[in-house]
Amino acid sequence: MGVVPTDNELIAAVRSLRALNDGLGVPKLLSALLSSQPEWSVSEKRFRKVIQKLKSEEGTDVYPISSLNPALDVSKYSEKIKIAHFGPEKGKGLVATQDVEAGEVLWREDPIVYAPPWEIFEAQTAGTACAYCTRAFTPTIPPMRVRCPHAEQSVTAVLPNRPCEATFCSRLCLARAGCTHSLLCPVANPACVQLLDFLGNQRWKAALTFTQFVVRILSVWQDETQSRQARGKGGSNNPGGENLVSKEAIWDTYRSFATLRADKRWSHTSENDLARSQFEKLYRDLHMALIQGLYLQPPSSDQDQTSGVLPEIPKPNQSSSQEKMLKRILKIPIPRAISVSLFSWDGVMEGLGKMNLNHEAQGGIFPLHSHINHACTPNISIRQIPADGSSVLHSPNPSRITVIARSAILAGEELCVTYVDPSMDFRSRRRELRAWDFGTCRCKRCLEEEKDAAQNPGTLESTGSKEQTGKDKKVDTGDLEDEIRVQRLREAVSALPSFTPLAPSGGILYHNFKAKPSSLKGDLWEKTNQAYTRCFSSANGVPTDHILRGPFGMNAVVDFFEDFMSAPGISSGSLFLIEQIIDQITKLVYAREGHKYYYIFIHADYLHLYALSISPPAPTSSKFSSLPKRKRSITPSDTRGDEDSNLAPTPSDRKDAPSQSKQGGAGYTTELQGET
1 MGVVPTDNEL IAAVRSLRAL NDGLGVPKLL SALLSSQPEW SVSEKRFRKV
51 IQKLKSEEGT DVYPISSLNP ALDVSKYSEK IKIAHFGPEK GKGLVATQDV
101 EAGEVLWRED PIVYAPPWEI FEAQTAGTAC AYCTRAFTPT IPPMRVRCPH
151 AEQSVTAVLP NRPCEATFCS RLCLARAGCT HSLLCPVANP ACVQLLDFLG
201 NQRWKAALTF TQFVVRILSV WQDETQSRQA RGKGGSNNPG GENLVSKEAI
251 WDTYRSFATL RADKRWSHTS ENDLARSQFE KLYRDLHMAL IQGLYLQPPS
301 SDQDQTSGVL PEIPKPNQSS SQEKMLKRIL KIPIPRAISV SLFSWDGVME
351 GLGKMNLNHE AQGGIFPLHS HINHACTPNI SIRQIPADGS SVLHSPNPSR
401 ITVIARSAIL AGEELCVTYV DPSMDFRSRR RELRAWDFGT CRCKRCLEEE
451 KDAAQNPGTL ESTGSKEQTG KDKKVDTGDL EDEIRVQRLR EAVSALPSFT
501 PLAPSGGILY HNFKAKPSSL KGDLWEKTNQ AYTRCFSSAN GVPTDHILRG
551 PFGMNAVVDF FEDFMSAPGI SSGSLFLIEQ IIDQITKLVY AREGHKYYYI
601 FIHADYLHLY ALSISPPAPT SSKFSSLPKR KRSITPSDTR GDEDSNLAPT
651 PSDRKDAPSQ SKQGGAGYTT ELQGET
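First residue of the sequence shown: 1, per UniProt numbering; consecutive thereafter.
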């Protein structure tokens with residue numbers, strides 16, 4: 001029987017252990033304690049109570065930390081917004097400086113770093129999409145293609161361990177890439193193979209995004225002049241892009257992003273010790289892969305000058321030839337402080353935290369967009385609308401986002417998106433936000449629903465299908481029917497990403513639901529059945545131009561939804577579900593070889609799904625054209641390219657779900673190349 005320590009003895013020992021082993025979970029800390037005090041007898045239950053007591057004494061308020069970016073000139077994007085700082089917990093955000101009309105385009109923005117969806121990442125690796133701009137190659141693009149120059153050189157040089165299939169749209173894309181590609185090219189930098197394998201096998205979006213940011217920072221130190229020249233030839237249409245070209249500006253931008261260390265996200269809740277222990281190995285594998293593939297150890301004299309001042313970085317296990325080839329790319333030394341911020345354990349954990357919080361649903365990191373905070377009733381949406389009217393997939397800027405006002409915004413109001421499913425009740429929404437260390441949501445809607453729940457504890461909680469709830473509002477049969485429709489739609493949508501196209505005798509939803517449409521739905525049913533028949537009317541399918549601009553192309557889909565969203569009786573929950581459908585459309589229509597003629601078929605089935613699942617009050621006329629038209633400020637060319645209205649939930653980080661981002665990571669935004 002061991003000695004049972006007193007509470008004071010145990011607390012002192014645990015406090016000392018935690019200071020020395022800050023990243024360890026409860027089981028490992030207990031093991032370390034018993035190793036240091038072998039004569040003690042301490043149960044895990046008692047040990048956990050001590051841990052909880054210490055955490056309560058230290059305070060449990062954990063929230064992301066951010067700073068303002070001196071390199072960001074907001075006026076270059078829009079004259080109608082400004083950056084505001086709301087305090088340490090909420091951080092920074094965006095506020096309107098002028099009144100904004102519903103539907104107004106506030107700004108467009110290109111990412112400073114873009115980690116594409118895995119389908120595109122794999123296409124880039126295979127050489128079927130541009131390694132720089134991510135545009136998928138089609139029969140109309142080949143004459144301008146340029147292969148990786150290192151791959152061409154390897155034909156006459158020593159055969160590399162792994163070939164590089166990377167291909168660029170043109171020499172301009174190759175020039176813009178600078179040495180960014182070289183750092184992740186298995187021919188030019190064989191040391192990165194381990195890192196590439198890790199990213200491909202794990203499919204971990206935050207790791208890919210952080211890797212891209214590290215490469216961007218390293219490369220701008222090497223070819224800042226070349227990058228500026230390439231951009232000056234039309235490399236970016238972003239009005240504020242020229243502000244973020246210099247190495248100082250990019251470094252300031254990286255440091256300004258909100259962060260919550262990846263290994264600290266679970267540290268304040270003992271229930272997540274298992275999850276943290278599972279992530280720990282993953283974090284360390286990534287850490288070593290980054291060092292192995294991208295880090296050059298500085299000369300010993302430089303190390304001696306910073307010894308004891310900056311954290312140490314483990315020595316990479318590179319062969320002499322690998323180190324020599326990496327030195328050919330990284331000719332200009334990186335400041336020691338920056339290397340530590342990118343490659344030390346603390347630096348990697350903070351970097352992953354930045355990526356988790358700030359990357360847009362499909363992997364883009366946007367300096368201004370990252371300021372957007374959460375509200376359960378958002379007033380802006382994030383879309384991808386090419387300015388030239390081309391399809392998103394083949395536009396000059398596939399990753400560009402467009403920020404549009406969903407409702408009228410008064411001067412002084414904050415611009416907000418939603419990080420969680422707004423159709424959930426307020427307790428569920430708050431629970432998800434707290435799980436991501438965003439604290440308790442105090443938006444107007446949450447406070448009203450909280451007050452209503454306190455005054456009417458016996459009533460059914462709101463599912464979010466109604467925009468607002470009041471203390472005198474009662475749940476009636478219509479509300480219950482709406483809840484059933486919401487649940488039915490969720491189940492149907494969740495099942496659709498893996499469906500198999502049926503024979504041309506009718507849409508998949510016709511077979512699944514066999515519902516008789518109303519007069520309004522009848523018009524829609526007729527239109528979409530015509531589209532379905534047309535899609536399979538010939539062996540060659542539908543002309544590509546009709547996919548977007550034909551009578552049953554994406555234009556018709558977007559116009560239909562925009563008109564329907566303005567019809568009387570459409571609630572906030574319905575709006576969310578409509579946008580969720582549009583997101584699911586974009587996930588399914590990614591144009592792989594042989595799939596491009598399924599576009600219209602998919603649109604038709606999703607319109608069926610909408611018609612069968614949501615029943616707003618019928619308009620006075622049964623004709624589709626009679627639905628009220630809402631005023632829009634989007635140009636015709638924008639509308640033609642509006643392939644992906646947003647605000648549908650898309651996991652932005654498979655390893656670290658939930659994926660919502662505090663500083664506007666837009667957990668409810670989407671791109672054409674949806675990640676499943």
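Ideal Cβ placement from N, Cα and C applies to all residues, glycine included.
Rounded to whole angstroms, what is the Cα-Cα separation between S246 and R216? Within the sequence shown, the letter at position 246 stands for residue 246. Within the sequence shown, the letter at position 216 stands for residue 216. Those two C-alpha atoms are separated by around 11 Å.
If you reduce the DSSP assignment to three classes, tell me which class S381 lands in. To locate residue 381, count along the sequence shown from 1; it is residue 381. Note: S381 maps to strand in three-state DSSP.
Contacts around V193, its chain only, beta-carbon distance under 8 Å, and the 5 residues preceding and following it disregarded: Position 193 of the sequence shown, counted from the first residue, corresponds to residue 193. Around V193: N161, R162, P186, G293.
Is DSSP giving C416 helix, strand or coil here? Translated into the one-based positions of the sequence shown, residue 416 becomes position 416. Here C416 sits in strand by DSSP.
Span of the alpha helix (DSSP H) holding G200? The residue given as residue 200 occupies position 200 in the sequence shown. Its alpha helix (DSSP H) spans residues 193-202.
Whole angstroms are fine: how far does the CA of P422 sit from the CA of F624? Taking the sequence shown and counting its residues from 1, the one referred to as residue 624 is at position 624. Taking the sequence shown and counting its residues from 1, the one referred to as residue 422 is at position 422. Low local confidence applies: a pLDDT of 29 at F624 is under 50, so the model's placement there is unreliable, and no value is given.
Opposite C130 in the DSSP bridges: which residues? Stepping through the sequence shown from its first residue, residue 130 is reached at position 130. Beta-bridge pairing links C130 to T167.
Verify whether the separation of the beta carbon atoms of K80 and T97 is less than 8 Å. The count along the sequence shown starts at 1 and reaches residue 80 at position 80. The count along the sequence shown starts at 1 and reaches residue 97 at position 97. Contact: yes.
Residues bridged to G93 by DSSP? Stepping through the sequence shown from its first residue, residue 93 is reached at position 93. Its beta-bridge partners are A84.
CA-CA distance, L54 and N356? Against the sequence shown, residue 54 aligns to sequence position 54. Against the sequence shown, residue 356 aligns to sequence position 356. Looking at the two C-alpha atoms, the distance is approximately 28 Å.
Which class does G353 belong to by DSSP, given the choice of helix, strand or coil? As a position in the sequence shown, residue 353 is number 353, starting the count at 1. Note: G353 maps to helix in three-state DSSP.
Residues bridged to E109 (per DSSP): Within the sequence shown, the letter at position 109 stands for residue 109. Partner(s): I401.
Going by the CB atoms, is the gap between T253 and A375 shorter than 8 Å? As a working note, residue 375 is residue 375 in the sequence shown. As a working note, residue 253 is residue 253 in the sequence shown. No, they are not a contact pair.
Is L17 helix, strand or coil when you go by DSSP? One-based indexing of the sequence shown puts residue 17 at position 17. It is helical.
I need the boundaries of the alpha helix (DSSP H) containing A115, first residue and last residue. Looking up residue 115 in the sequence shown gives position 115. Where A115 is concerned, there is no enclosing alpha helix (DSSP H), because DSSP gives it neither an H nor an E.
Should S78 be labelled buried (16 or more other beta-carbon atoms within 10 Å of its own) or exposed? Taking the sequence shown and counting its residues from 1, the one referred to as residue 78 is at position 78. Looking at its Cβ environment, which holds 16 or more other Cβ atoms inside 10 Å, S78 is buried.
What are the boundary residues of the alpha helix (DSSP H) that includes Q321? One-based indexing of the sequence shown puts residue 321 at position 321. The sequence given here places Ser at residue 321; Gln does not occur at that position. 320-329 is the span of the alpha helix (DSSP H), which, as asked, contains S321.
Per-residue DSSP class, three states only, for V42: Working through the sequence shown from its first residue, we reach residue 42 at position 42. The answer is coil: DSSP assigns V42 none of H, G, I, E or B.
Considering only the alpha carbon of each residue, which of G93, T402, A206, E450 lies closest to L106? On the sequence shown, residue 106 is found 106 positions in, with the first residue counted as 1. For the residues G93, T402, A206, E450, the minimum Cα distance to L106 belongs to T402.
Could you give the distance in angstroms between the alpha-carbon of I334 and the alpha-carbon of G103? Mapped onto the sequence shown, residue 334 falls at position 334. Mapped onto the sequence shown, residue 103 falls at position 103. So the two alpha carbons sit approximately 45 Å from each other.
Does the contact criterion of 3 or more C-beta pairs under 8 Å hold for the stretch 165-174 versus the stretch 113-129? Result yes; three or more Cβ-Cβ pairs closer than 8 Å.
Taking L342 and L296 to be in contact with their CB atoms under 8 Å, please state how far apart those CB atoms are, rounded to whole angstroms. Mapped onto the sequence shown, residue 342 falls at position 342. Mapped onto the sequence shown, residue 296 falls at position 296. Contact doesn't hold; Cβ gap of about 12 Å is too wide.
So I291 and A188 are supposed to be a Cβ contact under 8 Å. How far apart are they, rounded? Here residue 291 refers to the residue found at position 291 when the sequence shown is read from its first residue. Here residue 188 refers to the residue found at position 188 when the sequence shown is read from its first residue. In fact, because the Cβ distance is near 18 Å, the residues do not count as touching under 8 Å.
Coil, strand or helix - T259 by DSSP: As a working mapping, residue 259 is identified with position 259 in the sequence shown. In the structure shown, T259 falls within a strand segment according to DSSP collapsed to helix, strand and coil.
Quick check: what's the CA-CA separation for V4 versus V42? Walking along the sequence shown from the start, residue 4 turns up at place 4. Walking along the sequence shown from the start, residue 42 turns up at place 42. Whole-angstrom Cα-Cα distance: 7 Å.
Within 10 angstroms of its Cβ, does N8 collect 16 or more other Cβ (buried), or is it exposed? Against the sequence shown, residue 8 aligns to sequence position 8. Around the beta carbon of N8, fewer than 16 other beta carbons lie within 10 angstroms, which makes this residue exposed.
State buried or exposed for Q455, treating a residue as buried only when at least 16 other CB atoms are found within 10 Å of its CB. Working through the sequence shown from its first residue, we reach residue 455 at position 455. By the 10 Å Cβ count, Q455 comes out exposed.
Quick check on N358: does DSSP put it in helix, strand or coil? For the purposes of this step, residue 358 is taken as the residue at position 358 of the sequence shown. If DSSP states are grouped into helix, strand and coil, N358 belongs with the helices.
Among the candidates D263, M424, P27, P38, whose CA atom is the shortest distance from the CA of K49? For this step, residue 49 is matched to residue 49 along the sequence shown. It is P27.
V220 by DSSP, collapsed to three states: which one? Sequence index remark: in the sequence shown, residue 220 carries index 220 (1-based). The answer is helix: DSSP assigns V220 an H, G or I state.
Taking the beta carbon of L260 as the centre, do at least 16 other beta carbons fall within 10 Å, making it buried, or is it exposed? As a working mapping, residue 260 is identified with position 260 in the sequence shown. Classification of L260: buried, given that the 10 Å Cβ count is 16 or more.
Given that a residue counts as buried once 16 or more other Cβ atoms are within 10 Å of its Cβ, and exposed if not, what is L460? For the purposes of this step, residue 460 is taken as residue 460 along the sequence shown, with counting starting at 1. Unreliable positioning characterises L460 in this predicted model, as indicated by a pLDDT of 40, which lies under 50. The coordinate reading is nonetheless provided below. Exposed.
Beta-carbon within less than 6 Å of G364's beta-carbon, same chain only, minus the 5 sequence neighbours each way: which residues are those? Start at 1 with the first residue of the sequence shown, and residue 364 comes out as number 364. Excluding residues within five positions, the ones whose Cβ falls inside 6 Å are P111, Y114, S399.
Count the other C-beta atoms from every protein chain shown that fall within 10 angstroms of the C-beta of K354, then say buried if there are 16 or more, exposed otherwise. Locating residue 354 in the sequence shown gives position 354, where the first residue counts as 1. With at least 16 other beta carbons inside 10 angstroms of its own, K354 counts as buried.
Let me know the secondary structure DSSP gives V245 once reduced to three states. Locating residue 245 in the sequence shown gives position 245, where the first residue counts as 1. If DSSP states are grouped into helix, strand and coil, V245 belongs with coil.
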